[in-house]
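Just so we're aligned: 20 in the UniProt record's numbering is position 20 of the sequence shown, and the numbers increase by one with no gaps anywhere.
The beta carbon of each residue, even a glycine, is placed where N, CA and C say it ideally should be.
Owing to the predicted nature of the structure, the values given are computational and were not obtained by experimental measurement.
Written out below as structure tokens is the structure these notes cover.
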Amino acid sequence: MKGIDPETGLTVSGSEQAKQRLKKAITTQTASVEKRRKVGGTFRKQFGLASEQDRMTAINRIHRIIANPDNELSDIVDPVVSASIGLSGLIIKVDYTFNGKPESLTL
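Following this line, the structure appears as structure tokens:
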């Protein structure tokens, strides 16, 4: 599968493309994509919130995003989501396996 990196405009494939799909799914609000209303999740509601309860809610929401079949992330397996409270909100790290190789995404 190939895609386009939204920051550089370059074509990406393999693990970089999977990372871009995961990032887009996490940062897309459910029902915001026309004709694909089930894509995304509710993680954006967590932006700007940084408490222990919000940290746990964010982890739960990201796991739901990865499990949502409409996000087409079934090739990303064994996700381990961690969230820590930073200076301006939550720092999210997702460790996962893609094509048998360990990968990581930090938001």
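Counterpart residues of residue i in DSSP-defined beta bridges
{"i": "phenylalanine 98", "result": "Ile76 and Lys101"}
{"i": "serine 13", "result": "Lys2"}
{"i": "leucine 87", "result": "Paired residue(s): none; leucine 87 is not in a bridge."}
Among the options, the one whose alpha carbon lies nearest that of residue i
{"i": "glutamate 7", "options": "Asp75, Gly14 and Lys19", "result": "Lys19"}
{"i": "isoleucine 66", "options": "Ser32, Phe43 and Val12", "result": "Phe43"}
{"i": "arginine 21", "options": "Gly100, Met1 and Asn60", "result": "Met1"}
Per-residue burial, residue i [other beta carbons within 10 Å of its own, 16 or more giving buried]
{"i": "glycine 14", "result": "exposed"}
{"i": "asparagine 71", "result": "buried"}
{"i": "glutamine 46", "result": "buried"}
{"i": "threonine 30", "result": "buried"}
Where the alpha helix (DSSP H) containing residue i begins and where it ends
{"i": "lysine 35", "result": "Here lysine 35 belongs to no alpha helix (DSSP H), and DSSP marks it neither H nor E."}
Segments of 4+ residues assigned as alpha helix (DSSP H) that fall wholly inside the region 37 to 73: 52 to 67
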